[in-house]
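Notes follow once the structure below has been shown.
And the structure:
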């Protein structure tokens, strides 16, 4: 091999080593905090283990018991109920907010910031604040409704539908800013020339949104919807801070039931079994959404 070939080979080796060193923290973090726990959860799901005693092999008994568990099916139902309340309203509102962000309006930066702040606030703090605000006896909201509108919210707070609806509305307020940023980024990738051509052809604003914006936003909408579904199945902190799964089973979502089995009932094998089923559910949901949005998807606007 010539000296020049040897030089380039050594240079490529050094660059490869440097690249591996730069990404090594990410690889280490992924391995320690994601890959190993995921593999361990899959293995533990075949055991009965209460942490204090050695694991006992149960094979597929955890899975068979899980599918006969009424609380498991209730947790799925409550989680789906939350998704129906939260995802459509949150994404639609965020989309229209993103459209508003494109307009040259005075104070739009302050408007954008006001919706980002809840997203970057600790969820536990948000849960405690809203728990106090909605308190039927000492809450600020009930105080103002009684003082101004002579309306007591106590019967409404005590209704069975209220806990999950309140969680959905609060999380919509929390995540609207995040989804608004995602949609704003997607709107920024659409060339203005398309709208100019549509305006010349006398297309109305509604027609431009329906014929141009929505079709070209399919990749962004797909991303927002997939992350919303995954996040909805993983909702926990707001539920724990405000209702702790109650009253009854009204807010016992899937993630909260996993937490109860693992750290309240000390059924680690059963909890890991639920985690494995959750992983399968999320993979299936993600693939279905991906295949649906991939049809006629446009990612290159240059032509």
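Numbering (my numbering), first residue to last: 6 to 308. Even for Gly, the Cβ is constructed at its ideal location relative to N, Cα and C.
- Per DSSP, the beta-bridge partners of residue 52 are 62.
- Here residue 171 is buried. Its C-beta has 16 or more other C-beta atoms within 10 Å.
- Within a 10 Å sphere around the beta-carbon of residue 269 sit fewer than 16 other beta-carbons, which makes this residue exposed.
- Judged by their CB atoms, residue 80 and residue 259 are nearer to each other than the 9 Å cut-off.
- Taking the CA atoms as reference points, residue 54 sits about 14 Å from residue 279.
- Between residue 49 and residue 60, the gap from beta carbon to beta carbon is short of 9 Å.
- The criterion of a C-beta distance shorter than 9 Å is not satisfied by residue 233 and residue 25.
- DSSP, read as helix, strand or coil, puts residue 117 in helix.
- Between residue 169 and residue 87, the beta carbon gap of about 6 Å places them in contact (Cβ cut-off 8 Å).
- Taking 9 Å as the cut-off, the beta carbon of residue 282 is found no closer than this to the beta carbon of residue 65.
- Residue 275 sits in a helix when the DSSP states are folded into three classes.
- Taking C-alpha positions only, residue 159 is separated from residue 142 by approximately 8 Å.
- Cβ neighbours of residue 179 within its own chain (closer than 7 Å, five residues either side excluded): 123, 124, 131.
- If you compare the alpha carbons of 43, 62, 41, 44 with that of residue 51, the shortest gap goes to 62.
- Apart from the 5 residues on each side of it in sequence, residue 161 sits with its Cβ closer than 8 Å to the Cβ of 167 in its chain, given in chain order.
- Where residue 183 is concerned, the enclosing alpha helix (DSSP H) starts and stops at 167–193.
- The straight-line gap separating the alpha-carbon atoms of residue 118 and residue 189 is approximately 13 Å.
- DSSP places residue 57 outside any alpha helix (DSSP H), giving it a letter other than H or E.
- Of the candidates 15, 78, 31, the residue whose Cα lies closest to the Cα of residue 254 is 78.
- The beta carbons of residue 209 and residue 92 sit about 28 Å from each other, so the pair does not count as a contact at 8 Å.
- A direct Cα-to-Cα measurement between residue 225 and residue 151 gives close to 43 Å.
- In the DSSP assignment, residue 209 falls outside any alpha helix (DSSP H) and carries neither an H nor an E.
- Setting aside the 5 residues that flank it on each side, residue 248 is surrounded in the same chain by 168, 172, 255, 256, each with a C-beta closer than 8 Å to its C-beta; the list follows chain order.
- Distance from the Cα of residue 194 is smallest, within the candidate group 103, 295, 22, 30, for 103.
- Apart from the 5 residues on each side of it in sequence, residue 30 has no Cβ closer than 8 Å to any other Cβ in its chain.
- Taking all protein chains shown into account, residue 139 has 16 or more neighbouring C-beta atoms within 10 Å of its C-beta and is therefore buried.
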